[in-house]
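Q:
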Amino acid sequence: MSAPATRVLHHGVWLQVDADDAEDRTYLRDLFGDLAIAPRGGGPDPQPVHVGIRRLDVHAWSVTSPAEVLRPTTRADLGRAVLRALHHAARDGRTSVLLHAGAVAGGRGAVLLAGRSGVGKSTLVAACLRGGALGLTDELVAVADTGLVTGSPAPLNLKAGANAVLGHLGTDGALFREDGPLRMSAAGRTSRDPAPVAAVIGLSRAPDPLPRTISGRDAALLLGQLVIPTGAGTDRGLGAIGALVERASTTAVMGRQDLAAATRFVLDLAGVR
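Here the sequence shown is numbered in the working numbering, starting from 24 and rising by one per residue.
#1: Taking only three categories from DSSP, how would you classify G56?
#2: Could you give the DSSP three-state label for A255: helix, strand or coil?
#3: Identify whether A271 lies in helix, strand or coil by the three-state DSSP scheme.
#4: Taking only the alpha-carbon atoms, compute the straight-line gap between R153 and D168 and give it to the nearest angstrom.
#5: Residues in the same chain with beta-carbon distance under 6 Å from S208, minus the five sequence neighbours each way, listed in chain order, please.
#6: Distance check for A165 and G265, CA to CA, integer angstroms please.
#7: What residue from P69, P71, Q70, A108 has the CA that sits closest to V86's CA?
#8: Do the segment 267–283 and the segment 221–230 meet, that is, are 3 or more Cβ pairs less than 8 Å apart?
#9: Would R77 pass as a contact of D43 if the rule is Cβ separation under 7 Å?
#10: Quick one: grab the DSSP three-state call for H82.
#11: So, helix, strand or coil for I76, using DSSP?
#12: How is D241 classed by DSSP in three states: helix, strand or coil?
#13: Please identify the residue among D115, D202, S214 whose C-alpha is closest to the C-alpha of T160.
#14: For E46, is the classification buried or exposed, using 16 other Cβ atoms within 10 angstroms of its Cβ as the cut-off for buried?
#15: Assuming L179 and G102 form a contact by the criterion Cβ under 8 Å, report the distance between their Cβ atoms to the nearest whole angstrom.
#16: Give the straight-line distance between the Cα atoms of R114 and L233, rounded to the nearest whole angstrom.
#17: Taking the alpha helix (DSSP H) that R98 falls in, what are its first and last residues?
#18: With H, G and I counted as helix, E and B as strand and the rest as coil, what does DSSP make of R287?
#19: Assign T146 to one of three DSSP states: helix, strand, or coil.
#20: Should G170 and L267 be called a contact, given that it needs their Cβ atoms to be closer than 7 Å?
#21: Find the nearest neighbour of L51 within the set L106, T173, R228, G143, judged by alpha-carbon distance.
#22: How many angstroms separate the CA atom of L135 from the CA atom of L38?
#23: Express the C-alpha separation of G75 and L147 in angstroms, rounding to a whole number.
#24: Comparing alpha-carbon positions, which option in R287, R259, L163 lies nearest V36?
#25: Determine whether the beta carbon atoms of V40 and A28 lie at a separation below 7 Å.
#26: Between the Cα of V250 and the Cα atoms of D241, A242, G260, which residue gives the shortest distance?
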């Protein structure tokens, strides 16, 4: 009898991952364990998005999803390929407003870390989790019409070099030893609960020693560029962003700087002591 597939829930979308290799199934069940929630009874199970994984060789896989077919050649890239399929499924199947942003939370609320791929969202989220913040997401944030935000604790998509940076921060060296995605709860506590927004921080690649305050209008324009097209509609997206920015007591932009200083700044905004 074969082991059950890995089944996860991400921003309201179910994903079922079928792997033909026992070691791969174990790896994926552990990596995506924070998203593994059994379907509720009382009605038909939701129809999942299927991802198939076939082991081609010792260091070769085929990952097939509705969006694409990928050929990872390392275990870390296998995790990234499934994570990519997960985010594609959320973008294609979600009807609420999604932002390309990370988010952590504390006593004052959530801090959005908005920016495109490669600006350091995942590294900063990981550092904030080690500092005591709740992890909501490092990639996609759902925004309600009221401005409340909800994350989904998918694995942290740490890029090459992030582990070394986090090690210098004084975090657990063993935790960040290996390259590849990391189960979010391995770095700290996570949450799926809706949260009010305490601050919006736009991240950029430009070197900038200090965060710079921006107006609420500029923050809304920044977030508007990071809305992921879904069935929610443009007008609804702009309305949700407006409500979100109105809730935020701080709106700023921050370029690349010392990770320890950036982490302290975010933790303070979130109300983490």
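Think of the CB as a built atom: it goes at the ideal place given N, C-alpha and C, for glycine as much as any other residue.
A: In short:
#1: The residue given as residue 56 occupies position 33 in the sequence shown. G56: helix per DSSP, three-state reduction.
#2: Mapped onto the sequence shown, residue 255 falls at position 232. Its pLDDT being 48, under 50, A255 is placed unreliably in this model, and the value from its coordinates should be taken loosely. Three-state result, A255: coil.
#3: For this step, residue 271 is matched to residue 248 along the sequence shown. Secondary structure of A271 (DSSP, three-state): coil.
#4: Along the sequence shown, read from residue 1 onward, the residue named residue 153 stands at position 130. Along the sequence shown, read from residue 1 onward, the residue named residue 168 stands at position 145. Taking the straight line joining both Cα atoms gives about 31 Å.
#5: Mapped onto the sequence shown, residue 208 falls at position 185. Closer than 6 Å at Cβ, skipping near neighbours: D57.
#6: Position 242 of the sequence shown, counted from the first residue, corresponds to residue 265. Position 142 of the sequence shown, counted from the first residue, corresponds to residue 165. Note on geometry: alpha-carbon atoms of G265 and A165 lie some 14 Å from one another.
#7: Along the sequence shown, one-based indexing puts residue 86 at 63. If we check each option's Cα against that of V86, A108 comes out closest.
#8: Flag = yes, the segment 267–283 and the segment 221–230 touch.
#9: Position 54 of the sequence shown, counted from the first residue, corresponds to residue 77. Position 20 of the sequence shown, counted from the first residue, corresponds to residue 43. For R77 and D43, yes; Cβs fall inside 7 Å.
#10: On the sequence shown, residue 82 is found 59 positions in, with the first residue counted as 1. Residue state for H82 is assigned as coil, using DSSP reduced to three classes.
#11: As a first step, residue 76 is located in the sequence shown; it is residue number 53 there, counting from the start. Note: I76 maps to strand in three-state DSSP.
#12: The sequence position of residue 241 within the sequence shown is 218, counting from 1. D241 falls in the helix class under three-state DSSP.
#13: Here residue 160 refers to the residue found at position 137 of the sequence shown. Distance check between T160 and each of D115, D202, S214 places S214 closest, using alpha-carbon atoms only.
#14: Here residue 46 refers to the residue found at position 23 of the sequence shown. Exposed is the call here.
#15: Position 156 of the sequence shown, counting from 1, holds the residue named residue 179. Position 79 of the sequence shown, counting from 1, holds the residue named residue 102. About 11 Å separates the Cβ atoms of L179 and G102, ruling out a contact at the 8 Å cut-off.
#16: Along the sequence shown, one-based indexing puts residue 114 at 91. Along the sequence shown, one-based indexing puts residue 233 at 210. Distance from the CA atom of R114 to the CA atom of L233, rounded to whole angstroms, is 33 Å.
#17: Taking the first residue of the sequence shown as position 1, residue 98 is located at position 75. From DSSP, the alpha helix (DSSP H) with R98 extends over 98–116.
#18: Along the sequence shown, one-based indexing puts residue 287 at 264. DSSP, reduced to helix, strand and coil, places R287 within a helical segment of the structure shown.
#19: Here residue 146 corresponds to residue number 123 of the sequence shown, with the count starting at 1. Three-state result, T146: helix.
#20: Translated into positions along the sequence shown, residue 170 becomes position 147. Translated into positions along the sequence shown, residue 267 becomes position 244. Result yes, Cβ atoms of G170 and L267 sit closer than 7 Å.
#21: Within the sequence shown, the letter at position 28 stands for residue 51. The candidate whose alpha carbon is nearest that of L51 is L106.
#22: Translated into the one-based positions of the sequence shown, residue 135 becomes position 112. Translated into the one-based positions of the sequence shown, residue 38 becomes position 15. Each residue's alpha carbon lies about 26 Å from the other.
#23: Taking the sequence shown and counting its residues from 1, one reaches residue 147 at position 124. Taking the sequence shown and counting its residues from 1, one reaches residue 75 at position 52. Rounded to the nearest angstrom, the two C-alpha atoms are 32 Å apart.
#24: Position 13 of the sequence shown holds residue 36. Comparing Cα positions, the closest option is L163.
#25: Within the sequence shown, residue 40 is the residue found at index 17, counting from 1. Within the sequence shown, residue 28 is the residue found at index 5, counting from 1. Yes.
#26: To locate residue 250, count along the sequence shown from 1; it is residue 227. Nearest option by C-alpha distance: G260.
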